[in-house]
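Visitor: Handing you this structure, nothing more for now.
Structure, rendered in structure tokens:
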């Protein structure tokens, strides 16, 4: 039986609830949201969040997937069973495609991987960059269309045969980022893409490499296209 919930206090305006057992990330996110004039409330566990009174105001929930006790996915299912319509943005440092698809199917509006930054997001991204991304996803309602690729390819994301990579005849370049959900080994990449012209493993960056490490991403693009530029120059 659940403990009684106290009546909600006076509404504080649109609120972002944060549930994450990592205190450094939790407080960093709370500080970010407060710094732009929004109200934020942070909790260390699903149990603490459920016990806290929630005012009837526009709100969203930023929810960590892996936590001691009740996990983020379990909390998501409990809220859905209660017909609680609060939009949920799932975050994790240990995500994979099936996990993200499961969260989206259960109603999450987005699924984000935590940057590999030692628990301090601002080591990788500025507050403005993080807020821009959250705002674009939330206000435009584009999370569903953005997740379409994951939904349609849930069963064959890493299957070269199903993806028909052998039929790709144009030059292919691959850069492996250490924070990516899946780091393809060179042996697999060479077998999957018959016209592989570039393969490189870098030491930083994750699933959103162009956003997290734009300079490194640009360097990799230039390096990947270098053989093609050389070929065109030789022909001319």
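Residue numbers (the working numbering): 980 to 1215.
The beta-carbon is built from N, C-alpha and C at its ideal position, and this holds for glycine as well.
Leaving out the 5 sequence neighbours to the left and right, which residues in its chain are closer than 7 Å to residue 1162 when beta-carbon positions are compared?
Guide: For this step, residue 1162 is matched to residue 183 along the chain shown. The answer, listed in chain order, is 1155.
Visitor: Which same chain residues end up closer than 8 Å to residue 1053 when comparing Cβ atoms and leaving out the 5 residues on each side of it in sequence?
Guide: Along the chain shown, read from residue 1 onward, the residue named residue 1053 stands at position 74. Same-chain partners within the cutoff: 1025.
Visitor: Measuring only the C-alpha atoms, how far is residue 1127 from residue 1140?
Guide: By one-based count along the chain shown, residue 1127 stands at place 148. By one-based count along the chain shown, residue 1140 stands at place 161. Cα-Cα distance, rounded: 21 Å.
Visitor: Using a Cβ-Cβ cutoff of less than 6 Å, which residues in the same chain neighbour residue 1050 once the five nearest sequence positions on both sides are dropped?
Guide: Indexing the chain shown from 1 puts residue 1050 at position 71. Once the five neighbours on either side are set aside, residue 1050 has no close Cβ partner at all.
Visitor: To which residues of the same chain is residue 999 closer than 6 Å at the C-beta, ignoring the five residues directly before and after it?
Guide: For the purposes of this step, residue 999 is taken as residue 20 along the chain shown, with counting starting at 1. Close CB contacts of residue 999 within its chain, under the 6 Å cut and outside five residues either way in sequence, are with 1005 and 1043 (chain order).
Visitor: Return the CA-CA distance between residue 1041 and residue 1109, expressed in angstroms with no decimal places.
Guide: Against the chain shown, residue 1041 aligns to sequence position 62. Against the chain shown, residue 1109 aligns to sequence position 130. Near 13 Å, if we compare the C-alpha coordinates of residue 1109 and residue 1041.
Visitor: Can you name, in chain order, every residue of its own chain whose Cβ lies under 6 Å from the Cβ of residue 1187, other than the five neighbours on each side?
Guide: One-based indexing of the chain shown puts residue 1187 at position 208. Taken in chain order, the list of residues that qualify is empty.
Visitor: From what residue to what residue does the alpha helix (DSSP H) around residue 1109 run?
Guide: Along the chain shown, one-based indexing puts residue 1109 at 130. Counting along the chain, the alpha helix (DSSP H) containing residue 1109 begins and ends at 1106-1119.
Visitor: Do residue 994 and residue 1059 have their C-beta atoms within less than 7 Å of each other?
Guide: To locate residue 994, count along the chain shown from 1; it is residue 15. To locate residue 1059, count along the chain shown from 1; it is residue 80. For residue 994 and residue 1059, no; Cβs fall outside 7 Å.
Visitor: Taking buried to mean at least 16 other C-beta atoms within 10 Å of its own C-beta, is residue 1182 buried or exposed?
Guide: Along the chain shown, one-based indexing puts residue 1182 at 203. With fewer than 16 other beta carbons inside 10 angstroms of its own, residue 1182 counts as exposed.
Visitor: Taking Cβ to Cβ, would you say residue 1144 is nearer than 7 Å to residue 1172?
Guide: The residue you call residue 1144 lines up with position 165 of the chain shown. The residue you call residue 1172 lines up with position 193 of the chain shown. Going by C-beta atoms, residue 1144 is nearer than 7 Å to residue 1172.
Visitor: Please tell me whether residue 1055 and residue 1067 are closer than 7 Å, where the distance is taken between their beta carbons.
Guide: As a working note, residue 1055 is residue 76 in the chain shown. As a working note, residue 1067 is residue 88 in the chain shown. Yes; because the gap between Cβ atoms is below 7 Å, this pair is in contact.
Visitor: Bridge partners for residue 1038 per DSSP, in chain order?
Guide: Taking the first residue of the chain shown as 1, we reach residue 1038 at position 59. The partner list for residue 1038 (beta bridge, DSSP) reads 994.
Visitor: Going by beta carbon distance, what residues of the same chain come within less than 7 Å of residue 1012, once the five residues before and after it are set aside?
Guide: Position 33 of the chain shown holds residue 1012. Hits under 7 Å: 995 and 1019.
Visitor: Of the choices 1198, 1159 and 1204, whose alpha-carbon is the least far from that of residue 1177?
Guide: As a first step, residue 1177 must be located in the chain shown, where it is residue number 198. Nearest C-alpha to residue 1177: 1204.
Visitor: Per DSSP, what kind of secondary structure is residue 1187 in: helix, strand or coil?
Guide: One-based indexing of the chain shown puts residue 1187 at position 208. Reduced to three states, the DSSP call for residue 1187 is coil.
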